[in-house]
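Asker:
Numbering (our numbering), first residue to last: 39 to 89.
So this is what it looks like as structure tokens:
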């Protein structure tokens, strides 16, 4: 449950940051958000396996 919380927080935070810094370029925002979500998901899976 804690792992899911951190994954969700990191993914939502990355979307907000991407929209703030690349507000005019929506394709770049979408690409950054997708990449950050995949990285957070991978980190969450690794954390679940290690812990």
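All residues carry an ideal CB built from backbone N, CA and C; glycine is no exception.
Computed from a predicted model, the values in this text were never measured in an experiment.
1. Would you mind sorting residue 89 into buried or exposed? The rule is 16 or more other CB atoms within 10 Å of its CB.
2. From the DSSP output, in three-state form, read off residue 50 for me.
3. Using the rule of at least 16 other Cβ atoms within 10 Å of the residue's Cβ for burial, across every protein chain shown, is residue 46 buried or exposed?
4. Under a three-way DSSP split, which group does residue 81 fall into?
5. For residue 70 versus residue 56, is the C-beta spacing smaller than 7 Å?
Answerer: In short:
1. To locate residue 89, count along the chain shown from 1; it is residue 51. Burial check for residue 89: the Cβ neighbour count within 10 Å stays below 16, so the residue is exposed.
2. The sequence position of residue 50 within the chain shown is 12, counting from 1. Note: residue 50 maps to helix in three-state DSSP.
3. As a working note, residue 46 is residue 8 in the chain shown. Residue 46 should be labelled exposed.
4. Locating residue 81 in the chain shown gives position 43, counting from the first residue. For residue 81, the secondary structure class from DSSP, reduced to helix, strand or coil, is helix.
5. By 1-based counting over the chain shown, the position of residue 70 is 32. By 1-based counting over the chain shown, the position of residue 56 is 18. Cβ atoms of residue 70 and residue 56: closer than 7 Å.
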